[in-house]
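*Asks:*
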DNA sequence: CGGTGAGTGATTGCATGCAAACAGGCTGTC
DNA sequence: GACAGCCTGTTTGCATGCAATCACTCACCG
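Chains as they are written, first to last, in this note's numbering: chain A, 182 to 429; chain B, 182 to 429.
1) Tell me which same chain residues have a C-beta within less than 8 Å of the C-beta of residue 233 of chain A, skipping the five on either side of it?
2) Give me, in chain order, the residues of the same chain whose beta-carbon lies closer than 6 Å to that of residue 371 of chain B; leave out the 5 immediate sequence neighbours on both sides.
3) Could you work out which residues of chain B lie near residue 292 of chain A, taking near to mean beta carbons separated by less than 9 Å?
4) Return the residues of the segment 370 to 404 of chain A that lie within a Cβ-Cβ distance of less than 9 Å from chain B, sorted by chain order.
5) For residue 345 of chain A, which residues in the same chain have their Cβ closer than 8 Å to its Cβ, ignoring the five residues on either side in sequence?
6) Would you call the CB atoms of residue 299 of chain A and residue 355 of chain A closer than 8 Å?
7) For residue 264 of chain A, go through chain B and note every residue whose CB falls closer than 7 Å to its CB, in chain order.
8) Residue 296 of chain B: which of B/212, B/258 and B/363 sits nearest, CA to CA?
9) Check whether the segment 301 to 309 of chain A touches the segment 394 to 412 of chain A, counting contact only when three or more Cβ pairs, one atom from each stretch, lie closer than 8 Å.
10) What's the gap between the Cα of residue 219 of chain A and the Cα of residue 419 of chain B?
11) Is it the case that the CB of residue 422 of chain A approaches a heavy atom of the ligand COA more closely than 7 Å?
12) From what residue to what residue does the alpha helix (DSSP H) around residue 347 of chain B run?
13) Against residue 214 of chain B, what residues of chain A qualify as contacts under a CB-to-CB distance less than 7 Å, listed in chain order?
14) Between which residues of its own chain and residue 281 of chain A is the CB-CB distance below 8 Å, once the five residues before and five after are set aside?
15) Kindly say whether residue 314 of chain A, judged by its beta-carbon, lies nearer than 8 Å to any beta-carbon of chain B.
16) Excluding sequence positions up to five away, which residues of its chain have a Cβ less than 8 Å from the Cβ of residue 341 of chain A?
17) Spell out whether any CB of chain B is found under 8 Å from the CB atom of residue 202 of chain A.
18) If you scan the segment 283 to 323 of chain B from start to end, which runs of the alpha helix (DSSP H) of 4 or more residues do you find wholly inside it?
19) Looking only at its own chain, which residues have a Cβ that is under 7 Å from the Cβ of residue 343 of chain B, when we skip the five neighbours before and after it?
20) Among all the DSSP beta bridges, which residues are the ones paired with residue 403 of chain B?
21) What's the gap between the Cα of residue 237 of chain B and the Cα of residue 306 of chain A?
22) I'd like the list of long-range same chain contacts for residue 383 of chain B, defined as Cβ closer than 7 Å, with 5 residues on each side in sequence excluded.
23) Could you work out which residues of chain A lie near residue 235 of chain B, taking near to mean beta carbons separated by less than 8 Å?
24) DSSP has residue 224 of chain B in a bridge; who is on the other side?
25) At 8 Å on the CB atoms, spell out the chain A contacts of residue 289 of chain B, in chain order.
26) Can you check which of these residues, B/249, B/231 and B/243, is closest to residue 212 of chain B by C-alpha distance?
27) Go to residue 393 of chain A, then tell me how far its alpha helix (DSSP H) extends in each direction, as first and last residue.
28) Just how far apart, CA to CA, sit residue 310 of chain A and residue 231 of chain A?
29) Go ahead and label residue 254 of chain A buried or exposed: buried means 16 or more other beta carbons lie within 10 angstroms of its beta carbon, across all protein chains shown.
30) Kindly indicate if chain A contains any beta-carbon less than 8 Å away from that of residue 257 of chain B.
31) Quick check on the DSSP output: the beta strand (DSSP E) that includes residue 275 of chain A runs from which residue to which?
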């Protein structure tokens with residue numbers, strides 16, 4: 182298994198340095214003190230990309246070889262990811278990607294929608310015109326993705342827009358919580374967005390949202406966000422329930 | 182740890198084992214796979230008890246000796262606490278207790294108030310009568326603390342009540358986020374609650390809150406919680422601003 | 001044939017070793 | 001006296017070793 186990662190290297194055994202250190206000696210220095218953080222980002226990306234499936238076990242060996250780090254920073258990364266809720270650590274049995282039931286996703290969405298509602302009024306009060314312009318620009322990008330049928334891009338920009346709206350509230354704690362909780366369910370939301378039937382309506386709702394934000398109509402924005410979530414999630418949920426039912 | 186094989190050894194000095202292992206040999210077994218978690222709880226308590234002051238550096242040596250664990254689980258604990266926002270890790274310089282400015286506490290309170298608002302309607306819909314009774318009982322305990330002038334007890338039960346109300350929403354993600362974010366600012370909120378002038382009014386507000394909960398009046402509860410937070414925080418903030426101004 | 005328990009190879013949890021980075025004192029120069 | 005540079009003890013970051021535990025097999029018993 183470990184030979185899969187190294188196509189032609191003859192494998193140096195008494196070598197203490199990592200592969201990465203060999204490839205880029207000063208990268209190791211840059212990373213010093215931040216190894217675990219980088220590993221966290223790498224693993225998070227792998228989970229969100231579906232490379233590590235929900236419920237699947239993550240072996241230390243596999244990742245130390247795949248990422249070129251040793252077990253210590255890797256295990257620190259697991260602890261961080263566990264705190265974020267992306268993995269679960271079973272004592273003596275290692276880490277596995279957290280698998281959410283439809284009910285859990287449902288509740289997570291309730292939280293996300295709630296966080297956006299909380300952000301709405303402060304965002305209208307404290308957001309800058311530049312920030313609003315950025316949201317609007319991203320909205321145009323999203324519409325372009327829709328026209329091009331680029332589902333992946335559409336979905337990614339959609340997430341970005343929502344995060345940016347929350348960031349407009351200028352509340353770092355709120356932004357951080359929203360980011361983490363959003364990541365926790367991203368995979369599941371994406372599954373539902375394949376229903377392109379909803380795209381047109383979602384774009385329309387976004388237009389209203391952007392307008393309310395620009396006009397700094399806090400209470401209206403809050404209600405629009407709430408409705409937008411509700412509508413979107415209803416569709417996604419139907420898809421999920423038909424898909425995930427078999428196991429668990 | 183290796184002393185497990187020798188039941189009656191009187192403590193050898195070149196002993197690599199920890200104090201804890203000596204005191205309770207099988208505790209070590211119980212802890213296996215959960216060391217970091219226990220250390221996290223211990224450190225969190227120390228921070229919230231004020232034993233580790235905000236801004237103060239936490240040396241690994243000090244804590245390994247104090248808690249009887251080695252550096253590996255301790256460092257894992259630091260990563261967890263950093264993710265929770267209770268400490269910050271500066272590369273090559275170790276961990277320090279996060280110190281929040283009044284503005285940061287302000288924003289954290291905005292988030293907490295928001296989370297309670299989010300919880301209000303689901304709590305009224307999904308909370309059980311038993312849970313409501315528990316909230317009411319704790320409220321009585323709190324009133325007793327107020328009468329006895331037990332500030333510490335009053336404050337602790339107050340926090341418990343708010344957490345319990347959030348838990349009534351039966352949304353684990355929401356409860357978790359509320360718990361973590363609440364811990365992040367507990368120290369700062371406590372500082373303000375010394376103003377006992379507010380106690381009477383707070384108790385009255387709580388009575389209304391409990392009543393709204395029991396009658397499952399979601400929107401009303403949401404507004405009461407919002408107002409309760411706003412009133413309480415206004416007082417606390419005034420105290421904090423007069424205290425924390427000098428340094429930072 | 002099903003079930004049970006010893007054996008064993010793999011995997012995890014923690015302890016510790018080693019090198020990089022830092023902090024603080026010291027010396028020598030100007 | 002001010003300060004740059006060096007030296008040294010301390011602390012942190014990561015690598016690795018060792019023991020506990022797990023997962024699996026397979027012989028053995030009923």
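Idealized CB from N, CA, C, for every residue including glycine.
Computed from a predicted model, the values in this text were never measured in an experiment.
*Replies:* So, from the listed chains and residues:
1) Locating residue 233 of chain A in the first chain gives position 52, where the first residue counts as 1. Excluding residues within five positions, the ones whose Cβ falls inside 8 Å are 224, 227, 239 and 278.
2) Within the second chain, numbered from 1, the residue matching residue 371 of chain B stands at position 190. The residues are 336.
3) For the purposes of this step, residue 292 of chain A is taken as the residue at position 111 of the first chain. Those within 9 Å of residue 292 of chain A in chain B are 296, 299, 352, 354, 355 and 358.
4) none
5) On the first chain, position 164 is the one that residue 345 of chain A refers to. 312, 315, 316 and 319, listed in sequence order.
6) For the purposes of this step, residue 299 of chain A is taken as residue 118 along the first chain, with counting starting at 1. For the purposes of this step, residue 355 of chain A is taken as residue 174 along the first chain, with counting starting at 1. Yes; because the gap between Cβ atoms is below 8 Å, this pair is in contact.
7) As a position in the first chain, residue 264 of chain A is number 83, starting the count at 1. Under the 7 Å cutoff, chain B gives 261, 264 and 265.
8) Along the second chain, one-based indexing puts residue 296 of chain B at 115. Of the listed residues, the one whose Cα sits closest to residue 296 of chain B is B/363.
9) yes
10) Against the first chain, residue 219 of chain A aligns to sequence position 38. Against the second chain, residue 419 of chain B aligns to sequence position 238. So the two alpha carbons sit approximately 41 Å from each other.
11) No copy of the ligand COA occurs in the structure displayed, which carries no ligand at all.
12) For the purposes of this step, residue 347 of chain B is taken as residue 166 along the second chain, with counting starting at 1. Its alpha helix (DSSP H) spans residues 332 to 348.
13) In the second chain, residue 214 of chain B corresponds to position 33, counting from 1. Near residue 214 of chain B (Cβ distances below 7 Å), the residues of chain A are 272 and 273.
14) Stepping through the first chain from its first residue, residue 281 of chain A is reached at position 100. For residue 281 of chain A, where only same-chain residues beyond five positions count, the Cβ hits under 8 Å are 235, 289, 365, 366 and 369.
15) As a position in the first chain, residue 314 of chain A is number 133, starting the count at 1. With 8 Å as the cut-off, residue 314 of chain A does not count as an interface residue toward chain B.
16) Counting from 1 along the first chain, the entry for residue 341 of chain A is found at position 160. Correct list, in chain order: 319.
17) Sequence index remark: in the first chain, residue 202 of chain A carries index 21 (1-based). With a pLDDT of 38 at residue 202 of chain A, under the threshold of 50, the modelled position of this residue cannot be trusted; read the value that follows with caution. At a cut-off of 8 Å, the C-beta of residue 202 of chain A has no neighbouring C-beta in chain B.
18) 283 to 307
19) Numbered from its first residue, the second chain carries residue 343 of chain B at position 162. Counting only Cβ-Cβ distances below 7 Å, and skipping sequence neighbours, we find 297.
20) Taking the first residue of the second chain as position 1, residue 403 of chain B is located at position 222. Looking at the DSSP output, residue 403 of chain B shares a beta bridge with no other residue.
21) The residue given as residue 237 of chain B occupies position 56 in the second chain. The residue given as residue 306 of chain A occupies position 125 in the first chain. About 35 Å.
22) One-based indexing of the second chain puts residue 383 of chain B at position 202. Here the set comprises 413.
23) Position 54 of the second chain, counted from the start, is the residue given in the question as residue 235 of chain B. Near residue 235 of chain B there are no residues of chain A at all, since even the closest Cβ is about 16 Å away, more than 8 Å.
24) Within the second chain, residue 224 of chain B is the residue found at index 43, counting from 1. According to DSSP, which records beta bridges pairwise, residue 224 of chain B is partnered with nothing at all.
25) On the second chain, residue 289 of chain B is found 108 positions in, with the first residue counted as 1. Per Cβ cutoff of 8 Å: 354.
26) To locate residue 212 of chain B, count along the second chain from 1; it is residue 31. Residue B/249 is the option with its Cα nearest to residue 212 of chain B.
27) The residue labelled residue 393 of chain A in the question sits at position 212 within the first chain. Segment 380 to 395, the alpha helix (DSSP H) holding residue 393 of chain A.
28) Position 129 of the first chain, counted from the first residue, corresponds to residue 310 of chain A. Position 50 of the first chain, counted from the first residue, corresponds to residue 231 of chain A. Taking the straight line joining both Cα atoms gives about 36 Å.
29) Locating residue 254 of chain A in the first chain gives position 73, where the first residue counts as 1. Burial check for residue 254 of chain A: the Cβ neighbour count within 10 Å reaches 16 or more, so the residue is buried.
30) Here residue 257 of chain B is taken as the residue at index 76 of the second chain, counted from 1. For residue 257 of chain B, at least one C-beta of chain A is nearer than 8 Å to its own C-beta.
31) Against the first chain, residue 275 of chain A aligns to sequence position 94. Counting along the chain, residue 275 of chain A sits inside the beta strand (DSSP E) bounded by residues 275 to 278.
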